[in-house]
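To keep things clear, I will list the structure first and then write my remarks on it.
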Amino acid sequence: MTKKITESVQWVGKTDWELRKFHGNEYSTHRGSTYNSYLVRDEKTALIDTVWKPFAGEFVNNLKKEIDLKDIDFVVANHAEIDHSGALPELIREIPDVPVYCTKNGIASLKGHYHGDWNFNPVKTGDRISLGSKELIFVEAKMLHWPDSMFCYLTEENILFSNDAFGQHYATEELFNDRVDRCELYQEAVKYYANILTPFSALVTRKIDELLSLKLPVDIICPSHGVIWRDNPLQIVEQYKKWADSYKEDQVSIIYDTMWNATKRIAEAVAAGIKKTNPQTRIKLFKVSESDSNDVITEVFKSKAVIAGSPTINRGILTSMAAILEEIRGLGFKGKKAAAFGSYGWSGESPGLIDSRLKDAGFQMMGEPLKISWNPDESQLQESLKWGETLKIKD
Ligand code: FEO
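Just so you know, this note's numbering puts the end of the sequence shown at 396, numbered straight through with nothing missing.
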């Protein structure tokens with residue numbers, strides 16, 4: 002199915018309602034996703050990005066209903082990751098000489114994936130191709146989020162094709178941001194930023210400043226996943242600037258796992274203590290072995306402090322906690338506080354290990370870890386509550 006965006010731009014992508022895991026198992030997609038591909042028609046015709054490989058046949062067949070493939074003058078590959086380039090081999094089998102515009106790194110990635118000797122045309126920031134009355138201007142977006150990533154901008158229509166940036170894993174029958182539930186849209190947009198773009202926040206800020214300095218009017222932003230921003234499109238750019246700047250809300254996330262509920266009971270007592278001294282602060286608890294890790298990461302992203310707990314097992318921490326701490330380390334959150342806690346029977350290494358992992362991950366620790374032996378009695382629950390009370394959550 003294709004959909005009209007403007008007189009000259011059509012959506013020719015794929016809505017994937019069934020998708021629940023993306024990037025292997027790394028990213029949960031509770032609301033599915035879309036792989037957006039755009040056909041731009043002027044005196045010449047350009048196709049911007051394609052779809053994920055499993056949908057390549059369907060994509061090319063649908064495209065043939067819209068246009069004689071021989072009438073496609075240019076293909077733009079803004080990003081070589083398989084979810085956007087996966088239909089290129091099938092398309093290029095049909096039109097082998099079509100020029101493919103991408104960055105120099107894009108050529109390396111596309112060759113690495115598909116080993117095709119295609120008609121590659123490397124572009125860099127500021128390069129343009131004419132479609133007749135309109136031009137496509139290319140803007141490299143290195144490491145947002147791959148070395149090859151690129152945006153392109155359609156003059157006259159003032160459309161920014163931003164690839165992964167400003168996208169959301171969000172399947173919907175609607176095409177535009179003003180036609181969907183704003184709360185759902187922003188839940189998916191912030192999850193996308195928190196889980197994928199957080200490590201590149203400094204680059205996000207620089208790229209947005211560079212884009213704004215070009216003073217190109219932007220009427221529409223067409224990302225490669227989810228809905229298109231046409232109603233106040235710069236709202237998502239402004240939001241990205243905030244998310245990229247050590248983002249935090251007045252929220253504390255307590256993330257833990259538990260074997261016989263001792264660490265869970267400590268977590269609840271700590272939460273009560275934090276609430277006592279921070280009545281306005283939103284506190285959320287997550288048992289990580291039963292929570293979606295991408296949702297937990299999103300809540301960590303929104304938090305000003307993270308309190309992490311695990312019982313001690315085999316002189317270490319539970320694997321569920323080890324896994325989420327590793328994700329947190331890799332994402333490189335900035336400007337957040339943390340503290341560690343846990344129950345133990347005899348050796349009690351876990352809180353200290355969590356403490357050092359969070360410190361290594363760049364968190365500012367708020368004090369000594371809390372260690373509670375066995376299952377807490379009333380006085381140990383009071384100790385946990387007091388520990389929570391004394392944490393310096395406020396800046
Ligand atoms: Fe949506 Fe980086 O691919």
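Virtual Cβ for every residue (Gly too), placed ideally from N, Cα, C.
Quantities reported herein were computed from a predicted structural model and do not represent experimental measurements.
Integer-rounded CB distance, given that residue j should sit under 8 Å from residue i
i	j	result
GLN11	LEU40	5 Å
LYS395	THR299	LYS395 to THR299, Cβ: 23 Å. No contact.
ILE221	TYR241	No, ILE221 and TYR241 are not in contact; Cβ-Cβ is about 16 Å, not under 8 Å.
PHE302	ILE237	That belief does not hold up - the Cβ atoms of PHE302 and ILE237 are roughly 16 Å apart, past 8 Å.
LEU354	GLY317	6 Å
TYR36	VAL52	4 Å
PHE162	CYS223	5 Å
THR282	ALA245	Not quite, the Cβ-Cβ distance comes to about 23 Å (not below 8 Å), so this is no contact.
VAL219	ASN122	25 Å between Cβ atoms; not a contact.
VAL61	GLU95	7 Å
VAL289	SER321	5 Å
LEU217	TYR115	That belief does not hold up - the Cβ atoms of LEU217 and TYR115 are roughly 32 Å apart, past 8 Å.
PHE75	HIS170	With 8 Å as the limit, PHE75 and HIS170 do not qualify as a contact, their Cβ atoms being about 28 Å apart.
8 Å Cβ shell around residue i - same chain, five flanking residues per side excluded
i	result
HIS80	ASP50, SER86, GLY107, TRP147, ASP149, SER150, MET151, ASN164, ASP165, SER225
PHE364	VAL307, PHE334, LYS337, LYS338, ALA339
GLY331	PRO200
ALA203	ALA245
GLU175	VAL181, VAL228
Cβ-Cβ distance between residue i and residue j below 8 Å
i	j	result
ASP356	LEU319	no
GLU328	SER294	yes
LEU89	ALA78	yes
ALA195	PRO377	no
PHE342	PRO312	no
ALA272	LEU286	yes
THR30	LEU20	yes
ASP232	ASP179	yes
THR156	GLU136	yes
ILE255	ALA268	yes
GLU67	GLY133	no
Host beta strand (DSSP E) of residue i (start-end)
i	result
GLY343	338-345
ASP17	15-17
ALA247	The displayed chain sequence assigns Ser, not Ala, to residue 247. Segment: none, SER247 is in no beta strand (DSSP E) and carries neither H nor E.
LYS372	371-374
ILE256	252-257
LEU155	151-155
Delimiting residues of the alpha helix (DSSP H) encompassing residue i
i	result
VAL238	235-244
VAL228	That residue, VAL228, is in no alpha helix (DSSP H); it is neither H nor E in DSSP.
TRP388	379-391
SER214	202-214
VAL10	No alpha helix (DSSP H) contains VAL10, which is instead part of the beta strand (DSSP E) from 10-12.
VAL99	No alpha helix (DSSP H) holds VAL99; DSSP gives it neither H nor E.
LEU186	183-193
SER163	Where SER163 is concerned, there is no enclosing alpha helix (DSSP H), although the beta strand (DSSP E) it sits in stretches over 160-164.
LYS265	263-278
Proximal residues to residue i (C-beta, below 7 Å), its chain only, five neighbours per side dropped
i	result
LYS387	GLY274
TYR73	Inspection of the sequence shows that residue 73 is occupied by Ile rather than by Tyr. Only THR46, LEU48, ILE96, VAL99 meet the Cβ criterion.
Chain-order list of residues whose beta-carbon lies under 6 Å from that of residue i (same chain, five-residue window excluded)
i	result
VAL124	TYR102, PHE139
PHE56	LYS15
LYS265	THR259
PRO352	ALA341, PHE342, GLY343, PRO370, LYS372
GLN381	ILE373
GLN252	ARG283, LYS303, SER304
ALA142	SER150, MET151, PHE152, LYS208
beta-carbon residue i near the ligand SAM non-hydrogen atom, thresh 7 Å
i	result
TRP12	This structure lacks the ligand SAM; its bound ligands are the ligand FEO.
Starting from the N-terminal side, write out each stretch of the alpha helix (DSSP H) that is 4 residues or longer and does not extend beyond the stretch 32-67.
Runs of the alpha helix (DSSP H) inside the stretch 32-67: 57-67.
In the stretch 103-146, which residue ranges form an unbroken alpha helix (DSSP H) of at least 4 residues, counting only runs that do not cross its ends?
Runs of the alpha helix (DSSP H) inside the stretch 103-146: 105-115.
At 4 residues or longer, and completely inside the stretch 287-362: list those alpha helix (DSSP H) runs for me, N to C.
Runs found: 294-303, 320-332, 351-361.
Taking the runs of the beta strand (DSSP E) that are 3 residues or longer, which of them lie wholly in the stretch 73-98?
The stretch 73-98 contains these whole beta strand (DSSP E) runs: 75-77.
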